[in-house]
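Q: Attaching a single structure in structure tokens format; questions to follow.
Residue numbers (my numbering): 318 to 488.
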């Protein structure tokens, strides 16, 4: 009896083990609004092993992956180790997304260490590039500051609150 258990255990130990794949997510950079016809940057998920079915490489993925909150766009395998999501519209500012994978998305002999991932879209940023103080040489009370501001995302000038920006940079 002990010999049978020992032999069974030896056989079990010699069986191939599922491979545990790791991955890392590259969050999308802000869209380069300075260029004409700029497209939103994609999310890239890169795996340390070949995990995609070869027949699915360079094809759109319509099932087996979901994003919370939902966002319109297309998932596709760029290579057997690279999964890419291209959004239809520009990313909202500073939002956290959760990506969930279903088992059917990957080849059968690979298991993931984690079944999902999170990523963040670019946060809003404002910076002073240049500031100058001006005093009128004729009127000693005529003083003003001119400043050049740079924003990471489009800003409506009518809604720009300069006092808040100054307070954040002075504090």
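Glycine included, each C-beta is placed from N, C-alpha and C at the ideal position.
The model shown is predicted, which means the values in this text are computed figures rather than measured ones.
Grab me the residues of residue 376's own chain with a C-beta within less than 8 Å of its C-beta, minus the 5 sequence neighbours each way, in chain order.
A: The answer, listed in chain order, is 393 and 394.
Q: Does DSSP classify residue 448 as helix, strand or coil?
A: Strand, per DSSP.
Q: Nearest-angstrom Cα distance between residue 355 and residue 406?
A: Approximately 11 Å between the Cα atoms of the pair.
Q: Check residue 322 in the structure and name its three-state DSSP category.
A: Of the three classes helix, strand and coil, the one that applies to residue 322 here is helix, per DSSP.
Q: Straight-line CA distance for residue 328 to residue 420?
A: Residue 328 and residue 420: Cα-Cα distance of roughly 27 Å.
Q: Out of 438, 404 and 352, state which residue places its alpha-carbon closest to the alpha-carbon of residue 343.
A: Answer by Cα proximity: 438.
Q: I want to know whether the region 425-433 touches the region 398-413 - three or more CB-CB distances under 8 Å.
A: No contact exists between the region 425-433 and the region 398-413.
Q: Tell me which residues share the same chain as residue 389 and place their Cβ nearer than 8 Å to its Cβ, disregarding the 5 neighbours each side in the sequence.
A: So the qualifying residues of the chain are 404, 405 and 406.
Q: Is the beta carbon of residue 365 closer than 8 Å to that of residue 396?
A: Taking 8 Å as the Cβ cut-off, residue 396 and residue 365 do not qualify as a contacting pair.
Q: Starting from residue 382, follow the beta strand (DSSP E) in both directions and report where the run begins and ends.
A: Here the beta strand (DSSP E) through residue 382 covers 382-385.
Q: In terms of residue numbering, what span does the beta strand (DSSP E) encompassing residue 455 cover?
A: No beta strand (DSSP E) holds residue 455; DSSP gives it neither H nor E.
Q: Look up residue 403 in the DSSP assignment and say whether it is helix, strand or coil.
A: If DSSP states are grouped into helix, strand and coil, residue 403 belongs with the strands.
Q: Using the C-alpha atoms, what's the distance from residue 465 back to residue 381?
A: Their backbone Cα atoms lie some 47 Å apart in a straight line.
Q: Could you give the distance in angstroms between the alpha-carbon of residue 369 and the alpha-carbon of residue 387?
A: Approximately 23 Å between the Cα atoms of the pair.
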